[in-house]
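The next block holds one structure in the form of structure tokens; read it before the comments.
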Amino acid sequence: MGRYALSVTDQAAARADAEARLGSAIDARACRVAVMGLGYVGLPLLAAVASAGFPAIGVDSDPAKIERLRRGETYLPHLGERLARGLAENPRVTLSADRAALGPADAVLICVPTPLDARREPDLSAVEGAARDVAARRDPARPLLVCLESTTYPGTTRDVVAPLLDAAADPRLFLAFSPEREDPGNRRFTTRSIPKLVGGLDRAGGDLAERLYAAVVERVVRCPSAEVAEAAKCVENVYRSVNIALVNELKIALAAMGLDVWEVLEAAATKPFGFQRFDPGPGFGGHCVPIDPFYLSWRAERAGVRTRFIELAGEVNHAMPGYVVGVCERALASRGKRTRGARVLVLGLAYKRDIADVRESPSFELIALLRSLGAEVSYHDPHVPRTHAGRRHDLRMQSVAWSAEELSRHDLVLIATDHSWYDWDAVARHAGLIVDTRNAMRGREAVCGDRLWKA
Ligand SMILES: NC(=O)c1ccc[n+]([C@@H]2O[C@H](COP(=O)([O-])OP(=O)(O)OC[C@H]3O[C@@H](n4cnc5c(N)ncnc54)[C@H](O)[C@@H]3O)[C@@H](O)[C@H]2O)c1
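Residue numbers (my numbering): 34 to 488.
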């Protein structure tokens, strides 16, 4: 029977019946859960879904990723080979690059990218593509829960995803939004232990999503609507962006007064209430903090409001690589050296400690700026052996070897990422000049003397 043929009463009955069937399937772990987009967010989520006992379907549009996963290999080193092997060896897990694999799914969790376009406006093409893929495989006779996890502005699930799925005319379709709060490399919190926000498009969508996630993660927090959950995720990243910008600006102001921002933060952070410490750095990176706030500001502008904090934080953070390169120039000049022709070694290409993720990493901006001034730049990163073409940069570089000779051969060593892999004592012993953007050399100030510049 076509879904449009139902009367309003029949629609309500069909919806109640579909909700009951899907709810029972979730409770019995018989619900087949598909995860679309197996990246930083989707891959650990797929593993969590599978280990909760659900038959799981992992779909990614990149066939190379699926091939590697099927061989039990990972392309995200911080997750470890065990996770990939576990997925490959689990007979209840299907891995596919073909959207046809979505056919049998009873629930679909969408974890595709949400970048900004060339005008720095939301680019929802991957979300729209995923929603169309689900719609193309939709069997209206069967209940289906679709939950969007990609970070986006409030209103996306209702105004963008629901129409593509023809949700209003489909009584057996349930929709919700549940933002991912993954923090790659964080050893204290995992996909399972981070509380999960859930907001439904209606009561039934929210209830079913809550029931499913409660079987996968330790704690589910129900939001009054999908929009509240969407906005909450944006607010979390705006909060980080604004506070990072604040300490970055304070770093510059305090340095001008002859004060070390890290010493000041150390002191301020002893206050047991009303203060949360953020640390300055060479800028900001990753797929979230530099991007998500602009999803909210874009939406606010459409509501007639200018979000000045968001814009200002973006400006301050984006200006940081320029400030750091200025300190490098001053440090070199203190040794009678010009930046043109100076050999600079950048330590750390990833945007943060102990991961291989280079998306939006300020290290790329640092290298590009130093090169534009004529410096000869190399980099070392234990997690990033070579660069690949990115959204804005294609540096075509390879990590140099880690050795005392490399450290001493360069005129300046610029610490951009404080991977715990690094031997900071070796840096203190062998580098002629050090610019430290992470306070990685703390405790070694006396050994380094005037070779150490903080930026
Ligand atoms: N990386 C993080 O730390 C993090 C944290 C919280 C939230 N998020 C949000 O989660 C979302 C995903 O981010 P990510 O870091 O996992 O991205 P990612 O680029 O690592 O992974 C996304 C994957 O989706 C695949 N894909 C794209 N379109 C597809 C389609 N139509 N069907 C199937 N697969 C498709 C891509 O090939 C890629 O493998 C984004 O909205 C991001 O803002 C990311």
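In this text, a Cβ means the ideal position worked out from N, Cα and C, and glycines have one as well.
Comparing the CB of residue i with every heavy atom of ligand 1, is any distance shorter than 7 Å?
i: L380; result: no
i: K385; result: no
i: C144; result: yes
i: C267; result: no
i: D95; result: yes
i: T147; result: yes
i: P217; result: yes
i: D325; result: yes
i: E282; result: no
i: G72; result: yes
i: S183; result: yes
i: A259; result: no
i: C180; result: no
i: M474; result: no
i: E106; result: no
i: D166; result: yes
i: H320; result: yes
i: A67; result: no
Smallest Cα separation from residue i: which of the options?
i: A401; options: K385, D387 and V377; result: V377
i: G314; options: A300, G307 and L283; result: L283
i: R386; options: D172, V294, F317 and D192; result: F317
i: G319; options: R429, S396, A163 and S330; result: S396
i: V31; options: D444, L135, N219 and D156; result: Nothing about residue 31 can be reported from this structure: the residues present for the chain run from 34 to 488 only.
i: L39; options: A174, C256, A195 and E122; result: A174
i: R462; options: E478, S453, H452 and W454; result: E478
i: A200; options: E243, G105, R48 and A242; result: R48
i: F12; options: A264, S158 and P217; result: Only positions 34 to 488 of the chain appear in this structure, which leaves residue 12 out of reach.
i: E344; options: S330, G355, Q431 and T190; result: S330
i: A53; options: V167, A464 and R244; result: R244
i: L399; options: A383, A389 and D390; result: A383
i: G355; options: N281, D203 and A202; result: N281
i: A151; options: E296, R425 and D43; result: R425
i: A159; options: G407, A459, V194 and A45; result: V194
i: L149; options: Y186, M290, N123 and R115; result: Y186
i: V145; options: A286, S183, A133 and L403; result: S183
i: A130; options: M69, A389 and L428; result: M69
i: A408; options: S453, D414, R371 and R335; result: R371
If you follow the beta strand (DSSP E) that residue i is in, where does it begin and where does it stop?
i: G91; result: A89 to V92
i: E499; result: Nothing about residue 499 can be read from this structure; the chain reaches only from 34 to 488.
i: A209; result: L206 to F210
i: I448; result: L445 to I448
i: G232; result: K229 to G233
i: K98; result: No beta strand (DSSP E) holds K98; the alpha helix (DSSP H) holding it covers P96 to R103.
Could you check if residue i is buried or exposed, using at least 16 other CB atoms within 10 Å of its CB as the buried criterion?
i: M34; result: Its pLDDT being 44, under 50, M34 is placed unreliably by the model, and the measurement read from it follows with that caveat. So M34 ends up on the exposed side.
i: W486; result: buried
i: R471; result: buried
i: W457; result: buried
i: F87; result: buried
i: H421; result: exposed
i: P323; result: buried
i: R341; result: exposed
i: T303; result: exposed
i: A259; result: buried
i: L241; result: buried
i: G482; result: exposed
i: L447; result: buried
i: F308; result: exposed
i: D93; result: buried
i: G476; result: exposed
i: F306; result: exposed
i: D172; result: exposed
i: F327; result: buried
i: S441; result: exposed
i: F222; result: exposed
So who's on the other strand from residue i, going by DSSP bridges?
i: A140; result: V66 and L178
i: L116; result: Paired residues: none, contrary to the question.
i: K487; result: D469
i: P110; result: For P110, which the question treats as bridged, DSSP gives no partner whatsoever.
i: T127; result: I90
i: S149; result: Residue 149 is actually Leu in this sequence, not Ser. Answer is P155, bridged to L149.
Could you spell out the range, first to last residue, of the alpha helix (DSSP H) harbouring residue i?
i: E393; result: Per DSSP, E393 belongs to no alpha helix (DSSP H) and is neither H nor E.
i: G238; result: R236 to A247
i: R376; result: That residue, R376, is in no alpha helix (DSSP H); its beta strand (DSSP E) goes R376 to L380.
i: L76; result: G75 to S84
i: S158; result: S158 to R170
i: I467; result: Careful: I467 lies outside any alpha helix (DSSP H), inside the beta strand (DSSP E) at I467 to D469.
i: L279; result: A259 to A289
i: V322; result: First-last for V322: undefined, no H or E at that position.
i: R442; result: A437 to R442
So that I know if they touch, is there some Cβ in chain C lying closer than 8 Å to that of residue i?
i: E114; result: Absence of chain C from the displayed structure is noted, only one protein chain being present.
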